[in-house]
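I have placed the structure first, in the form of structure tokens, so that the comments after it can refer back to it.
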Amino acid sequence: MDISSEWVILHRIALLTRIEPLWFHCCPNSCIAYTLQHSNLSHFPYPDCREARYTPAGTPRRLFCYLPLIPRLQGLFSNPKTVEELLYRHRYQSRHDEVSDNLRKKKVTVDGRELAHCYFSGKYDIALGVCMDSYLLVDRRRKGPSATPILLQNYNIRPAVRTHLSREICVGDSHSFLFPFEDECVLLAAGIPTYDCVSAAVFDLHAYTIFGMGDILAVEKLLNTKGHNGIRNISGGDTIYYIPLTHPDLPGEPRRSWNPTNLPLRHHDDFIDITNRLQTLKLVKDRKQLTFHEGINGLPAPQRVGSMDFARSSPWDIMHLFFENIVPNLVKLWSGKFKHLDVGSEDYEIDSDVWDEIWAETVDAVEHIPAQFAWCFWFVYLVPILLKGRFKHSKYHDHLCELTYIIKTCIAFTITHAEIADLRRRIIAWMRTYECYYYQYQEDRLSTCTLTVHGLIHDGQPGLSSWNWYCGFLKGALRSKQLPWANMNNTILHGAYLEQLSAQFDVEKELASPLYRVNGLPSTEQRFDLCSSDPQMVL
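The opening residue of the sequence shown carries number 39 in my numbering; numbering runs sequentially from there.
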């Protein structure tokens with residue numbers, strides 16, 4: 039057999055894994071994919087881009103690569119080891135007070151039509167989460183080329199490993215870009231005949247998307263909302279612009295405050311009602327006015343399968359909410375570097391020489407901790423110790439410790455109804471105290487009440503998972519700055535080939551680089567055998 043060329047090897051791997059990428063024309067700036075209502079356009083239809091679809095020679099200027107999901111899910115049932123992994127959800131014994139599998143009593147709906155079976159009625163039914171996070175291809179180029187991978191997370195795998203890079207499924211490079219994925223969701227909701235190597239029988243494979251996650255901008259695209267550019271701007275809320283829980287103090291007037299337990303929230307049916315209203319308006323001016331006022335451009339994606347609640351199934355990702363916004367802003371406040379604000383009537387700043395001691399102690403404490411864990415590990419596990427006794431008043435330390443408790447609860451593998459109620463109470467109390475210490479109810483300090491601080495109050499539910507550092511993996515694999523998109527497409531496609539070979543034939547160790555693996559672990563990982571909650575967990 040002649041496998042002397044790279045092309046022959048890749049061709050044979052493609053036949054073996056049954057992965058055949060689908061290519062769609064897209065805007066050179068990733069504004070849209072030319073699918074659905076855009077399929078016949080020759081230019082991006084809005085004036086802020088207007089890039090041509092084709093070159094003068096008539097070829098597409100850029101292509102969007104979509105890797106089909108269905109054959110990759112079917113491939114998981116070709117190996118007894120992966121079949122055993124996928125049974126985690128079916129075998130999980132939930133307690134009556136835990137939050138789990140709430141869709142099991144509902145009939146599956148597709149395009150508004152109710153099917154005969156219920157969600158997750160089969161033991162192999164797969165729960166999926168859509169994860170999207172934008173990143174710059176080249177550092178230090180704020181307006182440079184960027185990408186937003188569409189990543190799927192498989193909730194049928196146990197939590198300790200489902201976020202590992204090898205367990206994640208990348209299907210593409212957002213509303214028009216999700217069109218091929220939604221088509222597959224419709225087919226998976228009805229059932230795809232799949233061979234199970236363990237029982238040697240064919241069964242109907244079902245998979246349902248239950249969560250959409252990402253950074254703030256990615257969630258706005260997923261929900262098809264105006265986001266922070268609309269009057270009603272919070273994905274889970276219905277507030278007008280952004281205001282703190284408590285209004286700024288005005289001379290001679292009583293202090294006014296929102297009731298945080300009874301905020302005006304957006305609901306699933308609101309998306310449907312507003313979309314119907316938009317469709318009845320004939321003038322572009324009227325449609326723009328309505329979308330600006332309501333903050334909704336249309337139905338979210340995916341929308342055809344009824345497994346997602348539009349208002350509740352797409353929370354802001356824990357990493358972006360806490361570790362890229364709230365926590366760094368708190369450190370800036372404590373360092374006196376937040377938007378040129380002083381401490382006002384409080385005294386929460388820590389001297390610079392004390393910060394030098396804190397950073398030196400941090401370096402000594404994290405010798406075996408991967409740098410990617412930066413803000414998360416440092417704030418949750420080290421800060422309560424490092425900053426104890428550093429503030430002039432202990433109340434600031436107590437306040438930050440309460441936030442670490444909230445974060446730990448949000449990232450727990452399981453959560454009960456009682457813990458959710460307690461979490462909401464703690465978040466509300468933390469936000470009230472935050473406004474007292476840092477906002478101080480002064481109009482000139484409103485900048486401390488950022489959008490992400492308000493978003494915390496809508497996060498009174500668990501962040502069921504986060505995904506591995508996939509964007510960092512793609513950025514590190516970029517080798518061509520002249521043809522970055524082709525380079526990235528090949529990286530994702532070849533990674534999918536290896537993922538399917540590993541899953542179908544149990545050759546993960548054989549395919550791993552001998553320079554990268556050390557005693558079964560990557561060189562950046564170290565096993566700690568004293569982990570009581572799960573002895574298989576690896577840092």
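Here a beta-carbon is modelled for each residue, glycine too, at the ideal position from N, C-alpha and C.
Worksheet item: So what does DSSP say about W45, is it helix, strand or coil?
Response: DSSP, read as helix, strand or coil, puts W45 in helix.
Worksheet item: Going by alpha carbons, who is nearest to R196 out of Q317, H128, N367, G96?
Response: Cα-wise, what sits closest to R196 is H128.
Item to complete: Return the chain-ordered list of same chain residues with a C-beta closer than 6 Å to the C-beta of A52, the five sequence neighbours on each side being excluded.
Response: Within the same chain, A52 has no close Cβ partners at all.
Item to complete: Give the DSSP-derived three-state secondary structure of H63 in the structure shown.
Response: DSSP, reduced to helix, strand and coil, places H63 within a strand of the structure shown.
Worksheet item: The beta strand (DSSP E) with C231 in it runs from where to where?
Response: Note on residue identity: the sequence assigns Pro, not Cys, to residue 231. P231 -> beta strand (DSSP E) spans 230 to 234.
Item to complete: Rounded to whole angstroms, what's the CA-CA distance from R342 to R99? Just pull it up for me.
Response: If you take the alpha carbons of R342 and R99, they lie about 30 Å apart.
Practice prompt. Using the Cα positions of K143 and F241, report the straight-line distance between them to the nearest angstrom.
Written response: The alpha-carbon atoms of K143 and F241 are separated by roughly 21 Å.
Worksheet entry | C-alpha gap between W296 and G493, whole angstroms | About 15 Å.
Worksheet entry | Own chain residues within Cβ distance below 8 Å of S518, not counting five before or after | Sequence-distant Cβ neighbours of S518 in its own chain, meaning closer than 8 Å and more than five residues away, are A524, N525.
Fill in: Where the alpha helix (DSSP H) containing L79 begins and where it ends
Annotation: L79 is outside any alpha helix (DSSP H) and is labelled neither H nor E by DSSP.
Fill in: Between the CA atoms of P231 and A165 - distance to the nearest angstrom
Cα-Cα distance, rounded: 17 Å.
Worksheet entry | Exposure of T93, with buried meaning 16 or more beta-carbon neighbours within 10 Å | The residue is exposed, with fewer than 16 neighbouring Cβ atoms inside 10 Å.
Item to complete: Look up C103 in the DSSP assignment and say whether it is helix, strand or coil.
Response: Under the three-state reduction of DSSP, C103 is assigned to strand.
Discussion item. Rounded to whole angstroms, what is the Cα-Cα separation between I248 and V418?
Written reply: Their backbone Cα atoms lie some 28 Å apart in a straight line.
Item to complete: Sort C509, T490, G344 by Cα distance to H358 and report the nearest one.
Response: Across the set C509, T490, G344, the C-alpha of T490 shows the shortest separation from the C-alpha of H358.
Practice prompt. Report yes or no: do three or more beta-carbon pairs, one from the region 452 to 459 and one from the region 362 to 378, lie closer than 8 Å?
Written response: With a cut-off of 8 Å, the region 362 to 378 and the region 452 to 459 do not count as touching, because too few Cβ pairs lie within range.
Practice prompt. Rounded to whole angstroms, what's the CA-CA distance from E123 to G510? Just pull it up for me.
Written response: Each residue's alpha carbon lies about 26 Å from the other.
Worksheet item: Which whole-angstrom value describes the C-beta separation of P353 and M251, a residue pair presumed to lie in contact below a C-beta threshold of 8 Å?
Response: Confirmed, about 7 Å.
Worksheet item: Who are Y92's beta bridge partners in DSSP?
Response: Beta-bridge pairing by DSSP links Y92 to P98.
Discussion item. For the alpha helix (DSSP H) containing G533, name the first residue and the last one.
Written reply: For G533, the enclosing alpha helix (DSSP H) stretches over residues 522 to 543.
Item to complete: Measuring alpha carbon to alpha carbon, tell me which of L216, A154, R293 ends up nearest Q478.
Response: Ranking the options by Cα distance to Q478, first place goes to R293.
Practice prompt. Spatial neighbours of L553 within its chain, please: CB distance less than 6 Å, with the 5 preceding and 5 following residues excluded, ordered by chain position.
Written response: The predicted position of L553 is uncertain, since its pLDDT is 46 and thus under 50; no value can be drawn from it.
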